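*Asks:* Below is one structure. I have some questions about it.
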Amino acid sequence: MITVKQLSHHFEVGKKGQKTILPVLKDISFHVEKGEIVAIVGKSGSGKSTLLNLISGFIQPSEGEIWINDQRVTGFTEAQFADFRLEHLGFIFQSFQLIPSMTAFQNIELPLTFQGMDAAKRKELTKEMLDKVGLIDFQDHYPSELSGGQQQRVSIARALVLNPPLILADEPTGSLDSETEADLLQFIQQLNRELGTTFLIITHDDAVAGIGNRSLTIADGRLLEDGDSL
Amino acid sequence: MRLKDRFSFVGQNIKKNKVRTFMTILATAMGCAFLIVLASIGYGLQQTVVDDTMEQQIVTQIDVHGHEGKDGNYQPLTVSDIEYMESIEGVKAVTRKKNLQQMPVYQIEDYQIEAETVVADFPSELKSGLELHEGRLPKEDNEIVVGYDFANYLHSESDGEAIYDEEGKLKKEYQYKGKLIGKTIKMTVSKGEEAGKEQTQTIPLKIVGMTEKPTREWMEDAKVYISQQVLVEVEAFTGTAKGVIPDSDYEAEDDSNTFDDVKVYAKNLEGVEAISKQLDNANYATYSVVSEMKQINVLFTIAKAGLILVGTIAIVIASIGIYNTMTMAVTERAPDIGIMKAIGANPKTIKQIFLLESSYIGIIGAIIGTIVAYGVSLLVNSGLPLILEMAFDEELPEGLKFSSIPATLVLIAVGICLLVTILSGMRPAKRATKIDVLKAMRREV
């Protein structure tokens with residue numbers, strides 16, 4: 000599903016003419032199989048979020064290459080990556096990233112609209128997702144009218160509505176209390192079992208890492224271990 | 000993403016900033032209305048001038064004033080010239096008139112009039128489309144046709160100045176009230192004084208027809224149309240060409256066979272230009288309403304282009320408002336744009352949504368501007384003549400139109416409006432596509 004080969008990345012910091020190179024990731028290689036839940040763990044500033052952003056195509060790597068679903072996504076143009084994301088990737092963010100002026104229904108419907116689906120089909124799929132995440136009664140609520148857990152459920156529903164083979168989650172439980180966190184993790188496992196969706200989860204939380212088939216640890220931009228089967 | 004959904008997005012975005020969008024639309028509408036009203040004055044005046052010119056003249060008519068001789072001077076037209084003109088392809092008729100070089104006195108019963116007299120070639124007049132108001136065309140040499148207003152100037156011989164009104168027209172009660180057709184009228188011509196006594200000759204003529212009423216209200220036709228034979232008779236009496244009253248300075252010139260008024264009639268409007276060109280090439284001095292129209296249209300096209308250019312400046316100023324509105328919209332929605340891009344919105348789609356939004360402002364502004372411009376035009380056309388008449392105490396020319404908005408002007412204005420608004424929305428739309436996803440989601444844009 001995901002193959003990362005000798006991936007390195009650095010940021011240029013400082014003013015123009017006085018820039019310094021700040022290495023973030025160094026020679027990272029790993030592979031994620033279809034249907035796996037893989038946790039990437041590490042301390043703050045270890046480079047795990049940068050790794051996720053590189054896989055997501057939000058930034059381009061300095062070196063190395065990334066393959067998703069047998070497609071080399073490194074070198075994709077912004078437009079190509081946008082289309083690729085729509086078809087293959089779903090995102091769950093720590094801060095939910097819902098559009099505040101849209102209702103729960105409209106937020107979930109958004110990827111379907113971008114895909115050019117007709118309104119009737121969109122409505123059907125969105126309702127189905129709302130039902131699945133248990134928010135059918137909250138469909139007309141704006142994000143500000145929902146709890147953190149409910150917002151994250153909307154975010155998950157939006158990520159899953161197009162049934163992508165891969166979900167990238169960045170600290171999905173970071174903004175949730177322990178009870179809601181447990182519910183959400185259970186929900187992720189259920190989706191993985193029922194739909195066979197692959198999850199790549201960035202976390203520093205052991206409980207989150209615990210639901211994965213295996214975890215990859217990053218420290219100082221380097222991958223420490225790979226393949227610890229749980 | 001479907002077009003319908005893009006429109007729905009635009010609608011949602013506009014709803015979020017109703018007042019700002021309304022003000023931008025208002026500015027665009029004012030710019031568009033200003034452009035249309037300004038240019039409509041050019042269109043209105045052009046229409047007035049063109050209509051006026053067309054009404055005064057027959058559009059298929061070409062006036063031929065003379066022929067340029069080898070010495071560079073214009074020579075009067077003769078029968079050979081007429082024959083040449085008749086041979087040109089597309090010519091329907093060539094009418095020719097000779098003016099009697101004195102004003103004979105015409106007398107019927109106790110009424111009389113001094114009238115301009117011309118010799119017309121009636122067969123060619125008939126071919127050119129001449130129609131009579133009453134009666135028929137002359138068949139005999141002593142038969143004549145009189146102008147439509149001839150009777151209005153026939154007055155009693157003994158009447159003094161009191162018979163005329165303020166405008167110099169004969170008062171109704173003094174006008175001849177009898178029928179003219181079929182009546183015999185005496186034409187008295189003079190050849191000046193001999194031994195202190197005026198030498199005159201009276202020729203009896205029969206009125207058989209009356210010309211059509213002139214097309215314009217202010218035009219009058221009180222002429223008398225006589226035959227060539229009557230002219231010969233007058234010339235025989237005066238001993239001069241075309242009946243000139245001889246005096247000590249008179250030099251006999253053989254211009255009896257030259258024509259004073261020659262008109263070529265084309266079969267259709269399309270033929271006028273070609274015939275005019277051929278006549279010009281053959282060194283004839285011509286004038287046609289078509290050539291005048293050309294000059295008028297060129298002049299007004301330049302004027303209209305200038306007015307449209309000035310009006311466009313108003314739209315360009317309004318476009319600054321659109322640019323500002325769209326830039327603010329992009330800045331405000333940067334986090335949303337970031338989220339959309341993250342979940343798979345194509346940058347092209349985002350650009351199109353913003354372009355659609357600026358186009359929407361342009362279209363609505365142009366529609367409102369056009370409606371307002373029609374209203375202003377209506378007010379100008381109905382109100383301005385009244386104000387001017389009251390201010391200057393003078394009646395304005397009949398049919399004067401200050402403002403006219405043809406469909407082409409609306410299309411030009413809407414086109415300019417749309418182009419300017421799309422261009423002004425282009426940069427903000429491009430900026431929207433360049434928004435960094437990560438920065439936008441961190442609310443750093």
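Sequence order for the protein chains is A and B.
Just so we're aligned, residue 0 is where the first sequence starts under numbering that gives the first Met the number 0, counting upward by one.
Just so we're aligned, residue 0 is where the second sequence starts under numbering that gives the first Met the number 0, counting upward by one.
Where a beta carbon is used, it is the ideal one built from N, C-alpha and C, also for glycine.
Values in this document were obtained by computation on a predicted structure and should not be read as measured data.
Quick check: is the beta carbon of Val18 (chain B) nearer than 8 Å to any beta carbon in chain A?
*Replies:* As a first step, residue 18 (chain B) must be located in the second sequence, where it is residue number 19. Not an interface residue.
*Asks:* In angstroms, rounded to a whole number, what distance separates the CA positions of Ala32 (chain B) and Lys17 (chain B)?
*Replies:* As a working mapping, residue 32 (chain B) is identified with position 33 in the second sequence. As a working mapping, residue 17 (chain B) is identified with position 18 in the second sequence. Distance between the alpha carbons of Ala32 (chain B) and Lys17 (chain B) is about 22 Å.
*Asks:* What residues in its chain sit with their C-beta under 8 Å from that of Ala341 (chain B), if we drop five residues either side in the sequence?
*Replies:* Taking the first residue of the second sequence as 1, we reach residue 341 (chain B) at position 342. Same-chain partners within the cutoff: Val436 and Met440.
*Asks:* Over the uninterrupted beta strand (DSSP E) stretch that includes Val243 (chain B), give me the two end residues.
*Replies:* Stepping through the second sequence from its first residue, residue 243 (chain B) is reached at position 244. It is not in any beta strand (DSSP E) - Val243 (chain B) carries neither H nor E in the DSSP assignment.
*Asks:* If you follow the alpha helix (DSSP H) that Ser255 (chain B) is part of, which residue opens it and which one closes it?
*Replies:* Residue 255 (chain B) sits at position 256 when you count from the first residue of the second sequence. Element bounds for Ser255 (chain B): n/a, residue is neither H nor E.
*Asks:* Roughly how many angstroms separate the alpha carbons of Lys69 (chain B) and Pro75 (chain B), rounded to a whole number?
*Replies:* Residue numbering aside, residue 69 (chain B) sits at position 70 when the second sequence is read from its first letter. Residue numbering aside, residue 75 (chain B) sits at position 76 when the second sequence is read from its first letter. Answer to the nearest angstrom: the Cα atoms are 13 Å apart.
*Asks:* Is the stretch 117-135 of chain B in contact with the stretch 218-225 of chain B, if contact means three or more CB pairs nearer than 8 Å?
*Replies:* yes
*Asks:* Using the three-state DSSP reduction, which class does Val153 (chain A) fall into: helix, strand or coil?
*Replies:* Counted from its first residue, the first sequence places residue 153 (chain A) at position 154. Look at Val153 (chain A) here: in three-state DSSP terms it is helix.
*Asks:* Should Gly195 (chain A) be labelled buried (16 or more other beta-carbon atoms within 10 Å of its own) or exposed?
*Replies:* Taking the first sequence and counting its residues from 1, one reaches residue 195 (chain A) at position 196. Gly195 (chain A) comes out exposed.
*Asks:* Pick from A:Phe198, A:Ala156 and A:Phe104: whose alpha carbon is nearest that of Lys33 (chain A)?
*Replies:* In the first sequence, residue 33 (chain A) corresponds to position 34, counting from 1. It is A:Phe198.
*Asks:* For Pro22 (chain A), write down the residues that DSSP places opposite it in a beta bridge.
*Replies:* Against the first sequence, residue 22 (chain A) aligns to sequence position 23. Its beta-bridge partners are A:His9.
*Asks:* Can you grab the Cα-Cα spacing for the pair Met325 (chain B) / Thr420 (chain B), in whole Å?
*Replies:* Locating residue 325 (chain B) in the second sequence gives position 326, counting from the first residue. Locating residue 420 (chain B) in the second sequence gives position 421, counting from the first residue. Rounded to the nearest angstrom, the two C-alpha atoms are 10 Å apart.
*Asks:* Assess, as a yes-or-no matter, whether the stretch 12-26 of chain B is touched by the stretch 120-140 of chain A under the definition of 3 or more beta carbon pairs within less than 8 Å.
*Replies:* No contact exists between the stretch 120-140 of chain A and the stretch 12-26 of chain B.
*Asks:* So Leu230 (chain B) and Lys97 (chain B) are supposed to be a Cβ contact under 8 Å. How far apart are they, rounded?
*Replies:* Sequence index remark: in the second sequence, residue 230 (chain B) carries index 231 (1-based). Sequence index remark: in the second sequence, residue 97 (chain B) carries index 98 (1-based). Going by Cβ atoms, the distance from Leu230 (chain B) to Lys97 (chain B) rounds to 7 Å, so yes, they are a contact pair.
*Asks:* Would you mind reading off the limits of the alpha helix (DSSP H) that contains Ile316 (chain B)?
*Replies:* Residue mapping note: residue 316 (chain B) aligns to position 317 of the second sequence, counting from 1. Val288 to Glu331 is the span of the alpha helix (DSSP H), which, as asked, contains Ile316 (chain B).
*Asks:* How about Leu109 (chain A): is its C-beta nearer than 8 Å to some C-beta of chain B?
*Replies:* For the purposes of this step, residue 109 (chain A) is taken as the residue at position 110 of the first sequence. Chain B, which has a Cβ nearer than 8 Å to the Cβ of Leu109 (chain A), makes this yes.
*Asks:* To which residues of the same chain is Leu51 (chain A) closer than 8 Å at the C-beta, ignoring the five residues directly before and after it?
*Replies:* As a working mapping, residue 51 (chain A) is identified with position 52 in the first sequence. Ile39, Leu167, Asp169, Leu199 and Ile201, listed in sequence order.
*Asks:* How many angstroms separate the CA atom of Arg426 (chain B) from the CA atom of Gln105 (chain A)?
*Replies:* Within the second sequence, residue 426 (chain B) is the residue found at index 427, counting from 1. Within the first sequence, residue 105 (chain A) is the residue found at index 106, counting from 1. If I take the Cα positions, the gap works out to 28 Å.
*Asks:* Given a threshold of 16 other Cβ atoms within 10 Å of its Cβ, counted over all protein chains shown, does Asp139 (chain A) qualify as buried or as exposed?
*Replies:* One-based indexing of the first sequence puts residue 139 (chain A) at position 140. The residue is exposed, with fewer than 16 neighbouring Cβ atoms inside 10 Å.
*Asks:* Pull out every residue of the stretch 194-218 of chain A whose Cβ sits closer than 9 Å to any Cβ of chain B, in chain order.
*Replies:* none
*Asks:* Under the three-state reduction of DSSP, which class applies to Leu50 (chain A): helix, strand or coil?
*Replies:* By one-based count along the first sequence, residue 50 (chain A) stands at place 51. Correct three-state label for Leu50 (chain A): helix.
*Asks:* My understanding is that Ile162 (chain B) touches Leu169 (chain B), with C-beta atoms under 8 Å, so please give their C-beta distance in whole angstroms.
*Replies:* Here residue 162 (chain B) refers to the residue found at position 163 when the second sequence is read from its first residue. Here residue 169 (chain B) refers to the residue found at position 170 when the second sequence is read from its first residue. Confirmed, Cβ separation roughly 6 Å.
*Asks:* Taking C-beta to C-beta, are His132 (chain B) and Thr210 (chain B) nearer than 8 Å?
*Replies:* For the purposes of this step, residue 132 (chain B) is identified with residue 133 of the second sequence, where counting begins at 1. For the purposes of this step, residue 210 (chain B) is identified with residue 211 of the second sequence, where counting begins at 1. Cβ distance < 8 Å, so His132 (chain B) and Thr210 (chain B) count as in contact.
*Asks:* Could you tell me whether any Cβ in chain A is nearer than 8 Å to the Cβ of Asn345 (chain B)?
*Replies:* Your numbering for residue 345 (chain B) matches position 346 in the second sequence. Yes, Asn345 (chain B) lies at the interface with chain A (some Cβ there is under 8 Å from its Cβ).
*Asks:* Where DSSP assigns a beta bridge to Pro203 (chain B), which residues make up the other side?
*Replies:* In the second sequence, counting from the first residue as 1, residue 203 (chain B) sits at position 204. In the DSSP output, where bridge partners are listed per residue, Pro203 (chain B) has B:Lys185.
*Asks:* Check whether the Cβ of Ser45 (chain A) lies closer than 8 Å to any Cβ atom in chain B.
*Replies:* The count along the first sequence starts at 1 and reaches residue 45 (chain A) at position 46. Cβ-Cβ to chain B under 8 Å: no for Ser45 (chain A).
*Asks:* Does DSSP put Asn98 (chain B) in a helix, a strand or coil?
*Replies:* On the second sequence, position 99 is the one that residue 98 (chain B) refers to. Strand, per DSSP.
*Asks:* Chain B partners of Arg84 (chain A), CB-CB under 8 Å?
*Replies:* The residue labelled residue 84 (chain A) in the question sits at position 85 within the first sequence. Those within 8 Å of Arg84 (chain A) in chain B are Ala341, Ile342 and Gly343.
*Asks:* Could you pull out every residue in the same chain whose Cβ sits closer than 7 Å to the Cβ of Arg5 (chain B), ignoring the five residues on either side in sequence?
*Replies:* Counting from one through the second sequence, the residue named residue 5 (chain B) turns up at place 6. These residues qualify, in order along the chain: Gln351, Ile352 and Leu355.
*Asks:* Where in the stretch 49-98 of chain A do unbroken runs of the alpha helix (DSSP H), each at least 4 residues long, occur, reported from the N-terminal end onward?
*Replies:* 77-87
*Asks:* I'd like to know whether the C-beta atoms of Asp260 (chain B) and Ala240 (chain B) end up nearer to each other than 8 Å.
*Replies:* Working through the second sequence from its first residue, we reach residue 260 (chain B) at position 261. Working through the second sequence from its first residue, we reach residue 240 (chain B) at position 241. No, Cβ-Cβ distance for Asp260 (chain B) and Ala240 (chain B) is not below 8 Å.
*Asks:* Can you tell me whether Glu166 (chain B) is buried or exposed? The criterion is at least 16 other CB atoms within 10 Å of its CB, across all chains shown.
*Replies:* As a first step, residue 166 (chain B) is located in the second sequence; it is residue number 167 there, counting from the start. Glu166 (chain B) should be labelled exposed.
*Asks:* Classify Met209 (chain B) as helix, strand or coil using the three-state DSSP reduction.
*Replies:* By one-based count along the second sequence, residue 209 (chain B) stands at place 210. Strand at Met209 (chain B).
*Asks:* Kindly indicate if chain B contains any beta-carbon less than 8 Å away from that of Ala103 (chain A).
*Replies:* Taking the first residue of the first sequence as position 1, residue 103 (chain A) is located at position 104. Not an interface residue.
*Asks:* Check the Cβ-Cβ distances between Leu437 (chain B) and every residue of chain A, and say whether any is below 8 Å.
*Replies:* Sequence index remark: in the second sequence, residue 437 (chain B) carries index 438 (1-based). With 8 Å as the cut-off, Leu437 (chain B) counts as an interface residue toward chain A.
*Asks:* Within a Cβ cutoff of 8 Å, which residues of the same chain sit near Gly41 (chain A), ignoring the five residues on either side of it in sequence?
*Replies:* As a first step, residue 41 (chain A) must be located in the first sequence, where it is residue number 42. The residues are Lys47, His203, Thr216, Ile217 and Ala218.
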